[in-house]
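Student: This is the structure I have questions about; it appears just below.
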Amino acid sequence: MNLSCRWKMLLIVSLWSRVNFVPGTNCEEAAVSHLSREDVLLLKDEQDPKCFTRTGLDFTCFFEAADNRTYDLLYSFNSRWTGISSRSLFNRTVSVEDHFLLDPPLNVSLHQTGRAGQLLVSWRAKLPTYCGDVMYRVRYFYQGVGEKTEEVKQDEHNRFILDSLVPGEQAEVQVSVKCASSPSGGHWSHWSQPVRGIVPQSADDVSLVCFTSDLQNVTCQWNRSRHGLENHKLFYQIDLSDEWSECTTDEFTDLCRFDGVESRKVRIRLSGAAAPLGRTFYTGDFTLNNTIKTSAPDHLRGAMETNQLCLKWDSPLPSVSAHLQYEVAYRTSPGGAWKFWSTESLLEGPEPGTCLEVSAGSQFHVKVRAKPDGSLYSGLWSDWSHELTGRTPTDAGLWLMLCIPVSMLITVTFLISTYLSKLKQLFWPPLPNLDKVLHTFLTDIDKQRWDPPLTLKQWSEETTESVLEIISEDERKPSEESTELLPPEETPSSGRPGRRDLWS
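Mature numbering (1 follows the signal peptide of the UniProt record, and there is no 0) puts the sequence shown at residues -21 to -1, 1 to 483.
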């Protein structure tokens, strides 16, 4: 700084509410700055009299007064006093270089850095020739987070990266500047005009995935239904160059392919409207070696070997087959849950394969997929192969072991059912039915009492001879009595011919 313009002034302000002056030597051509209401508010916490300079070649001091009186200014410059006053109102010693009040930065703009959650702020500041250390403040805020301010040291390119922002939110950014010989000195300028931009988002927010299946071509696909991505375009950088190349695609698809280089880094950007007000999505940096997604394993087949289902299939990417791992999914019914096995140990041979322990005589559903093992190549799981279905053969020894006990059980059951009644009579003879025995006994007694045997009949039914007996009247009565004792069928009225024969 020119020493003739480095002032240490003793100000004794007596009358003026605003004082503008230009000192003499080497500064007489400096312009006088005007004081605005915004300047007054900006320096409201400054000690009276409040002083500032715009260019380092001018100096303005002021204070607010309630009356309309006139005050005299007394100041010293190079140990000389100028002006006379009857009494002192303020007494202050200041340095010009510590009281710069600069104009706010111009051309503030927001740019994308190529990473999610970041914005690059750039600006242009008009600095005086005699300015000391320059510092900047960047103020930003967005809905839901509030206001934040960060101090930035002077940068050759006047730019600053805002990090850890909320992806997808619209941020408003302003910049101010100050010039002073010490961090505590100087006055901060007014804030610049605000600029707005949407913070870039991660590719995961739109399910943007990029991979290679042959280490030559890169395929990217995304979900265009999210965030209104109907008109978005995909751009890529090879080896992180400054130039973005557009990947041409059909406007009705969510898929794009472009040529890549195996060992070079790639970055993807999916954007729509012009930045910074449009939504933009970025992937991380990747190489084709760590984004491999092979096609599904082909020609899946299986065979039974000693109670094991041994599977084989074709490698989906022969050039890296030694660095692939596989996962096998197995279930025993169409609607059942899948069981998964990682095939860390494969069968020996030119074709990858593995063996599973399965139950004999059961139905099986098997499928397989591939993925780099991470040793030299890494990436994503491939799609599942076609589903192999079948039924394992039954075990003859198991059937024999089951048939023998079943046959014995059937035989024993048949014998027991056949001879059960005889065995029961042999070991458990039946008890007599007392009611039946008693009924039979009484029936036999009645027959013996009322039905005399045929041998007890008093005469035979056929009479070959007739005998005439003549009795007297005295003997008739006993005869009649004896006649009454005859059975009903033996009486003359019974219809038998005996009595009729007597009178024939």
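We put the CB at the ideal spot given by N, CA and C, even for glycine.
Using alpha carbons as the reference points, say which of THR128, LYS401, LEU359, CYS158 lies closest to THR108.
Tutor: As a first step, residue 108 is located in the sequence shown; it is residue number 129 there, counting from the start. Of the candidates THR128, LYS401, LEU359, CYS158, the one whose C-alpha sits nearest the C-alpha of THR108 is CYS158.
Student: Thinking C-beta only, is ALA308 closer than 7 Å to LYS272?
Tutor: On the sequence shown, residue 272 is found 293 positions in, with the first residue counted as 1. On the sequence shown, residue 308 is found 329 positions in, with the first residue counted as 1. No; because the gap between Cβ atoms is not below 7 Å, this pair is not in contact.
Student: Quick one: what's got a C-beta closer than 7 Å to CYS235's C-beta in the same chain, skipping five residues either side?
Tutor: Residue numbering aside, residue 235 sits at position 256 when the sequence shown is read from its first letter. Result list for CYS235: CYS199, LEU213, CYS226, THR228, in chain order.
Student: Taking the C-alpha atoms as reference points, what is the distance between ALA301 and ASP352?
Tutor: Translated into positions along the sequence shown, residue 301 becomes position 322. Translated into positions along the sequence shown, residue 352 becomes position 373. Whole-angstrom Cα-Cα distance: 9 Å.
Student: Label PRO408 either buried or exposed according to how many other C-beta atoms from any shown protein chain fall within 10 Å of its C-beta, with 16 as the threshold for buried.
Tutor: Numbered from its first residue, the sequence shown carries residue 408 at position 429. Exposed, since its Cβ has fewer than 16 Cβ neighbours within 10 Å.
Student: Taking the alpha-carbon positions, what's the PRO372 to ASP362 distance?
Tutor: Counting from one through the sequence shown, the residue named residue 372 turns up at place 393. Counting from one through the sequence shown, the residue named residue 362 turns up at place 383. Each residue's alpha carbon lies about 30 Å from the other.
Student: Quick check on this structure: which residue in GLU76, VAL117, PHE38, ASP82 has the alpha carbon closest to the alpha carbon of LEU21?
Tutor: Indexing the sequence shown from 1 puts residue 21 at position 42. It is ASP82 whose Cα lies nearest to the Cα of LEU21.
Student: Around the C-beta of GLN180, are 16 or more other C-beta atoms found within 10 angstroms, so that it is buried, or is it exposed?
Tutor: Locating residue 180 in the sequence shown gives position 201, counting from the first residue. By the neighbour-count rule (16 or more Cβ atoms within 10 Å), GLN180 is buried.
Student: Please report the Cβ distance between ASN202 and VAL185, rounded to the nearest whole angstrom; I am assuming they are in contact, meaning their Cβ atoms lie under 8 Å.
Tutor: As a first step, residue 202 must be located in the sequence shown, where it is residue number 223. As a first step, residue 185 must be located in the sequence shown, where it is residue number 206. Sure, about 5 Å apart at Cβ, within 8 Å.
Student: If you measure between the beta carbons of GLY165 and PHE31, is that distance less than 7 Å?
Tutor: Residue numbering aside, residue 165 sits at position 186 when the sequence shown is read from its first letter. Residue numbering aside, residue 31 sits at position 52 when the sequence shown is read from its first letter. Against a cut-off of 7 Å, the Cβ pair of PHE31 and GLY165 comes out as no contact.
Student: Quick one: what does DSSP say ASP233 is sitting in, helix, strand or coil?
Tutor: Locating residue 233 in the sequence shown gives position 254, counting from the first residue. Coil, per DSSP.
Student: Compare the C-alpha of TYR356 against each of GLU43, THR285, THR270, TYR115 and name the closest.
Tutor: Here residue 356 is taken as the residue at index 377 of the sequence shown, counted from 1. Of the candidates GLU43, THR285, THR270, TYR115, the one whose C-alpha sits nearest the C-alpha of TYR356 is THR270.
Student: Straight-line CA distance for TRP170 to VAL240?
Tutor: For the purposes of this step, residue 170 is taken as residue 191 along the sequence shown, with counting starting at 1. For the purposes of this step, residue 240 is taken as residue 261 along the sequence shown, with counting starting at 1. Straight-line Cα distance between these residues: approximately 47 Å.
Student: For TYR215 and ARG243, which I take to be in contact (beta-carbon distance under 8 Å), what is that distance rounded to the nearest angstrom?
Tutor: For this step, residue 215 is matched to residue 236 along the sequence shown. For this step, residue 243 is matched to residue 264 along the sequence shown. Incorrect: roughly 11 Å between the Cβ atoms, too far for contact.
Student: Between the beta-carbon of HIS278 and the beta-carbon of GLY251, is there less than 7 Å?
Tutor: Along the sequence shown, read from residue 1 onward, the residue named residue 278 stands at position 299. Along the sequence shown, read from residue 1 onward, the residue named residue 251 stands at position 272. Against a cut-off of 7 Å, the Cβ pair of GLY251 and HIS278 comes out as no contact.
Student: The beta strand (DSSP E) that contains GLU129, what's its start and end?
Tutor: Here residue 129 is taken as the residue at index 150 of the sequence shown, counted from 1. 125 to 132 is the span of the beta strand (DSSP E), which, as asked, contains GLU129.
Student: Is SER321 helix, strand or coil when you go by DSSP?
Tutor: The residue given as residue 321 occupies position 342 in the sequence shown. Correct three-state label for SER321: strand.
Student: Report the start-end ranges of each beta strand (DSSP E) in the segment 180 to 213 that is 3 residues or longer and not cut off at the edges.
Tutor: Segments of the beta strand (DSSP E) lying fully in the segment 180 to 213: 188 to 190, 196 to 200.
Student: Tell me which residue opens and which closes the beta strand (DSSP E) that LYS244 is part of.
Tutor: Taking the sequence shown and counting its residues from 1, one reaches residue 244 at position 265. Unbroken run through LYS244: none, as it is neither H nor E.
Student: Do TYR261 and ALA95 come within 7 Å of each other at the CB atom, strictly closer than that value?
Tutor: For the purposes of this step, residue 95 is taken as the residue at position 116 of the sequence shown. For the purposes of this step, residue 261 is taken as the residue at position 282 of the sequence shown. Yes, the pair counts as a contact, with Cβ atoms nearer than the cut-off.
Student: How close, in whole Å, do the beta carbons of LEU144 and LEU89 come, if the pair is a contact with beta carbons under 8 Å?
Tutor: By 1-based counting over the sequence shown, the position of residue 144 is 165. By 1-based counting over the sequence shown, the position of residue 89 is 110. No, LEU144 and LEU89 are not in contact; Cβ-Cβ is about 11 Å, not under 8 Å.
Student: State the start and end residues of the unbroken alpha helix (DSSP H) segment that holds LYS401.
Tutor: Here residue 401 refers to the residue found at position 422 when the sequence shown is read from its first residue. 399 to 406 is the extent of the alpha helix (DSSP H) around LYS401.
Student: Measure the CB-CB distance between SER312 and SER192 and report whether it falls below 7 Å.
Tutor: Here residue 312 is taken as the residue at index 333 of the sequence shown, counted from 1. Here residue 192 is taken as the residue at index 213 of the sequence shown, counted from 1. Their beta carbons are not under 7 Å apart, which means SER312 does not touch SER192 by this criterion.
Student: Taking ASN86 as the reference, which of ASP24, ARG175, THR92, ASP112 has the closest Cα?
Tutor: In the sequence shown, counting from the first residue as 1, residue 86 sits at position 107. If we check each option's Cα against that of ASN86, ARG175 comes out closest.
Student: Can LEU290 and GLY332 be called in contact, C-beta distance under 7 Å?
Tutor: As a working note, residue 290 is residue 311 in the sequence shown. As a working note, residue 332 is residue 353 in the sequence shown. Yes. Within cutoff.
Student: Distance check for ASP425 and VAL416, CA to CA, integer angstroms please.
Tutor: Position 437 of the sequence shown, counted from the first residue, corresponds to residue 416. Position 446 of the sequence shown, counted from the first residue, corresponds to residue 425. Taking the straight line from one Cα to the other gives about 14 Å.
Student: From ARG118 to SER161, what does the alpha carbon distance come to, in whole angstroms?
Tutor: For the purposes of this step, residue 118 is identified with residue 139 of the sequence shown, where counting begins at 1. For the purposes of this step, residue 161 is identified with residue 182 of the sequence shown, where counting begins at 1. Straight-line Cα distance between these residues: approximately 22 Å.
Student: Per DSSP, which one or two residues make a beta bridge with LYS426?
Tutor: What you label residue 426 is simply residue 447 of the sequence shown in a count that begins at 1. Looking at the DSSP assignment, LYS426 forms no beta bridge with any residue, so it has no partner.
Student: According to DSSP, what are the bridge partners of CYS110?
Tutor: Locating residue 110 in the sequence shown gives position 131, counting from the first residue. DSSP lists no partner for CYS110.
Student: For the candidate residues LEU194, ASP37, PHE406, ARG116, whose alpha-carbon lies nearest to that of PRO297?
Tutor: As a working mapping, residue 297 is identified with position 318 in the sequence shown. Comparing Cα-Cα distances from PRO297 to each of LEU194, ASP37, PHE406, ARG116, the minimum goes to LEU194.
Student: By DSSP's criteria, TYR305 is part of a beta bridge. Which residues make up the other side?
Tutor: Here residue 305 corresponds to residue number 326 of the sequence shown, with the count starting at 1. Paired residue(s): ALA349.
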